[in-house]
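Reading through the structure tokens given below for one structure.
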Amino acid sequence: EAQVTQNPRYLITVTGKKLTVTCSQNMNHEYMSWYRQDPGLGLRQIYYSMNVEVTDKGDVPEGYKVSRKEKRNFPLILESPSPNQTSLYFCASSFSGGELHTQYFGPGTRLTVL
Amino acid sequence: GQQVMQIPQYQHVQEGEDFTTYCNSSTTLSNIQWYKQRPGGHPVFLIQLVKSGEVKKQKRLTFQFGEAKKNSSLHITATQTTDVGTYFCAGRSSGSARQLTFGSGTQLTVLP
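In the order they appear, the protein sequences are chains A and B.
Numbering-wise (the working numbering), the first sequence opens with residue 2 and increments by one.
Numbering-wise (the working numbering), the second sequence opens with residue 23 and increments by one.
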């Protein structure tokens, strides 16, 4: 089954404790992206990757890191989480970053930073 | 940077009534996509509009892309309880094919 998976689905952590949220897709998509969703703000892009070893900042990259060492995986790293990073995070992928390709979203990771 | 405004933020309708959500972009868009997110779920792609003035229909849903490619709307005829969720538009600016900017969404509640 074609899908985007994220782990963990739920995470409660404390300020400053490094964490990684994994994202994997099995559709051989080139383009992957991370979003955060906050009430009233919609989905805001954190980082995106056009292909392996190619990443770029989205609208709200501060406090986040990403890597794209393999085509299928695109982990999101919070080196020193803070309470303002409490949010619902979605990973998404598409065939390419071109304008005619739709994005497939993962199930989401709900993160709480105390 | 590019901004996509979406209204209304919330809409409550009685089952059987119509519903419309609107998106307006600060810049000309190369295309616009619409997504639906059920409560507790993830965004799911509905449709993409590319051409100026384009109108597409999916059963009771009608999507329009403005002539100037700066606005779009989604209209649902005779809402059903299965239409409940948040509807997002997402646009790509003409100058940046890589970044998709989402509107803040319209949360639809359908009262039986």
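Glycine is no exception: its CB is placed at the ideal position from the N, C-alpha and C atoms.
DSSP bridge partner residues for residue 33 of chain A (one or two, in chain order): The count along the first sequence starts at 1 and reaches residue 33 of chain A at position 32. Paired residue(s): A:50, A:94.
- prompt: Whose CA, out of A:75, A:74, A:38, A:23, lies closest to the CA of residue 61 of chain A?
  reply: Position 60 of the first sequence, counting from 1, holds the residue named residue 61 of chain A. Selected option, being the one with the closest Cα: A:38.
task: Mind checking the stretch 33-65 of chain B against chain A and listing, in chain order, the residues whose C-beta falls within less than 7 Å of any C-beta there?
output: Taking 7 Å as the cut-off between beta carbons, the residues of the stretch 33-65 of chain B near chain A are 52, 53, 55, 64, 65, in sequence order.
field: Anticipated Cβ contact below 8 Å, residue 113 of chain B with residue 43 of chain A, distance rounded
entry: Your numbering for residue 113 of chain B matches position 91 in the second sequence. Your numbering for residue 43 of chain A matches position 42 in the first sequence. The Cβ separation is near 12 Å, so there is no contact.
- prompt: Name the chain B residues that come within less than 7 Å of residue 108 of chain A, Cβ to Cβ?
  reply: As a first step, residue 108 of chain A must be located in the first sequence, where it is residue number 107. The contacting residues are 64.
field: Contact between the stretch 101-114 of chain A and the stretch 82-91 of chain A (3+ Cβ pairs under 8 Å)
entry: yes
message: So, with DSSP's three-state summary, where would you put residue 46 of chain B?
response: Position 24 of the second sequence, counted from the first residue, corresponds to residue 46 of chain B. Residue state, collapsed to three classes: strand.
task: Can you give me the start and stop residues for the beta strand (DSSP E) that residue 94 of chain B sits inside?
output: Stepping through the second sequence from its first residue, residue 94 of chain B is reached at position 72. First-last of the beta strand (DSSP E) with residue 94 of chain B: 93-98.
- prompt: By DSSP, does residue 53 of chain B sit in helix, in strand, or in coil?
  reply: Your numbering for residue 53 of chain B matches position 31 in the second sequence. In the structure shown, residue 53 of chain B adopts extended strand secondary structure according to DSSP, grouped into three states.
Local Cβ density within 10 Å of residue 104 of chain B, reported as buried at 16 or more and exposed below that: For the purposes of this step, residue 104 of chain B is identified with residue 82 of the second sequence, where counting begins at 1. By the neighbour-count criterion, in which a residue is buried when 16 or more other Cβ atoms sit within 10 angstroms of its Cβ, residue 104 of chain B is exposed.
query: If the cut is a Cβ gap below 7 Å, which residues of chain B does residue 103 of chain A touch?
result: As a first step, residue 103 of chain A is located in the first sequence; it is residue number 102 there, counting from the start. Near residue 103 of chain A (Cβ distances below 7 Å), the residues of chain B are 55, 67, 70.
query: Thinking C-beta only, is residue 50 of chain B closer than 8 Å to residue 78 of chain B?
result: In the second sequence, residue 78 of chain B corresponds to position 56, counting from 1. In the second sequence, residue 50 of chain B corresponds to position 28, counting from 1. No, these two residues do not count as a Cβ contact at 8 Å.
- prompt: Is there at least one Cβ from chain B nearer than 8 Å to residue 42 of chain A's Cβ?
  reply: In the first sequence, the residue the question calls residue 42 of chain A occupies position 41. At least one chain B Cβ lies under 8 Å of residue 42 of chain A.
Same chain only: Cβ atoms within 7 Å of residue 36 of chain B, ignoring 5 sequence neighbours per side: The count along the second sequence starts at 1 and reaches residue 36 of chain B at position 14. Cβ within range, chain order: 133.
- prompt: Using 8 Å as the limit for Cβ to Cβ distance, is residue 126 of chain B near chain A?
  reply: By 1-based counting over the second sequence, the position of residue 126 of chain B is 104. For residue 126 of chain B, the answer is yes, since a Cβ of chain A falls inside 8 Å of its Cβ.
query: Would you call the CB atoms of residue 77 of chain A and residue 21 of chain A closer than 8 Å?
result: By 1-based counting over the first sequence, the position of residue 77 of chain A is 76. By 1-based counting over the first sequence, the position of residue 21 of chain A is 20. The answer is yes: Cβ separation under 8 Å.
message: Any beta carbon of chain B sitting closer than 8 Å to that of residue 17 of chain A?
response: Within the first sequence, numbered from 1, the residue matching residue 17 of chain A stands at position 16. With 8 Å as the cut-off, residue 17 of chain A does not count as an interface residue toward chain B.
- request: Mark residue 55 of chain A as exposed unless 16 or more other C-beta atoms lie within 10 angstroms of its C-beta, in which case mark it buried.
  value: Taking the first sequence and counting its residues from 1, one reaches residue 55 of chain A at position 54. Exposed is the call here.
message: Distance check for residue 108 of chain B and residue 60 of chain B, CA to CA, integer angstroms please.
response: Against the second sequence, residue 60 of chain B aligns to sequence position 38. Against the second sequence, residue 108 of chain B aligns to sequence position 86. Each residue's alpha carbon lies about 6 Å from the other.
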